[in-house]
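One point on numbering: in the working numbering, the residue at position 154 of the sequence shown is 162, and numbering is uninterrupted. Cβ coordinates follow ideal geometry from the N, Cα and C atoms, glycine included. From a predicted model like this one, the values you see are computed outputs, not experimental measurements.
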Amino acid sequence: MRHKLALIALITLALGLTYGGGRMLLAGTYQYQTDLFLDDWAAKNQQPEALAWMVAEEAARKANTYYPVANADYLDRLGRIHDWQQINEPIGSEQANASRERAINAYRDAIAVRPNWPFSHNNLATAKLRQGELDDEFKQAMENGFTLGPWRAIAYQQTVYLGLISWHTLNEQERKTVTSAIQHGLTHTGSSQRYMQQLLSQLQRQDLMAGIGNRE
9 MRHKLALIAL
19 ITLALGLTYG
29 GGRMLLAGTY
39 QYQTDLFLDD
49 WAAKNQQPEA
59 LAWMVAEEAA
69 RKANTYYPVA
79 NADYLDRLGR
89 IHDWQQINEP
99 IGSEQANASR
109 ERAINAYRDA
119 IAVRPNWPFS
129 HNNLATAKLR
139 QGELDDEFKQ
149 AMENGFTLGP
159 WRAIAYQQTV
169 YLGLISWHTL
179 NEQERKTVTS
189 AIQHGLTHTG
199 SSQRYMQQLL
209 SQLQRQDLMA
219 GIGNRE
């Protein structure tokens, strides 16, 4: 009897592993399809056609559905899919309100699963900016993006961009975070220095670069 129970338990475990493995494989296939769309849109730097977006959104949604547990990478990519849907719409656009809110919720879910990943915080803050929501959640996400990835180029570059756009809403500590991110950009690599100088020039905030130089 014991041997039969052990055999049943092993068979049940094997079936469970096979089922779970199959779901993970299927989720990975859909996620690969999602990445192809995201890479293509980024390379073209233009809002996707409606049909392409619908196919990509379905793939991203199925990747999250089939994966056995909540997956931060998959959730973050789902947020990016929603971000792209109406990316050409201006900040605070009513037409883009629903898609941007879905992006925000996906990023929140990604952060809940993996709170120490800086880029999900960057993405959340960026989506909040597009939504015109320069609130405490936006500012916290902006700061977290930098503090969790202070020497990751994308993290500090996005923190600077977000901080300069919202500068008039920031308190002293938040502005210090932005100037620290500027300093990292100016001292990290040659390419990061050029990017930072160009960004400060475009947004007419060369004064911040001069101020950092005077403190060094």
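Beta carbon of Asn113 nearer than 8 Å to that of Gln55: The Cβ atoms of Asn113 and Gln55 lie no closer than 8 Å to each other.
If you draw a straight line from the alpha carbon of Met150 to that of Ile190, how long is it in whole angstroms? C-alpha separation (whole angstroms): 13 Å.
Check whether the Cβ of Asn130 lies closer than 8 Å to any Cβ atom in chain B. The displayed structure is made up of one protein chain only, and chain B is not part of it.
Which same chain residues end up closer than 6 Å to Trp61 when comparing Cβ atoms and leaving out the 5 residues on each side of it in sequence? Apart from the 5 residues on each side of it in sequence, Trp61 sits with its Cβ closer than 6 Å to the Cβ of Gln93 in its chain, given in chain order.
Would you kindly check if the distance between the Cβ of Leu216 and the Cβ of Thr187 is under 8 Å? Their beta carbons are under 8 Å apart, which means Thr187 touches Leu216 by this criterion.
Report yes if the CB atom of Asn131 is closer than 8 Å to the CB atom of Ala163, and no otherwise. In this structure, Asn131 sits away from Ala163, with a CB-CB distance that is not shorter than 8 Å.
Determine the extent of the alpha helix (DSSP H) in which Asp143 is found, giving its start and end residues. Asp143 -> no alpha helix (DSSP H), and no H or E assigned at all.
Using the Cα positions of Thr20 and Leu83, report the straight-line distance between them to the nearest angstrom. Since pLDDT at Thr20 reaches only 46, below the 50 mark, its modelled position is unreliable, and no value is offered.
Am I right that Ala78 and Asp117 are in contact with their C-beta atoms under 8 Å? What's the rounded C-beta distance? With a Cβ gap of about 7 Å, Ala78 and Asp117 count as contacting.
Helix, strand or coil, according to DSSP, for Gln212 in the structure here? Coil at Gln212, not helix or strand.
For Glu141, which option in Arg69, Ile99, Tyr40 and Thr197 has the closest C-alpha, if you only look at C-alpha atoms? When only C-alpha atoms are compared, the closest one is Ile99.
Let me know if Thr167 comes out buried or exposed under the rule of 16 or more other beta-carbons within 10 Å of its beta-carbon. Buried, by the Cβ-count rule.
Output yes or no for whether 8 Å exceeds the beta carbon distance between Glu182 and Lys136. With contacts defined as CB atoms closer than 8 Å, Glu182 and Lys136 fail to qualify as a contacting pair.
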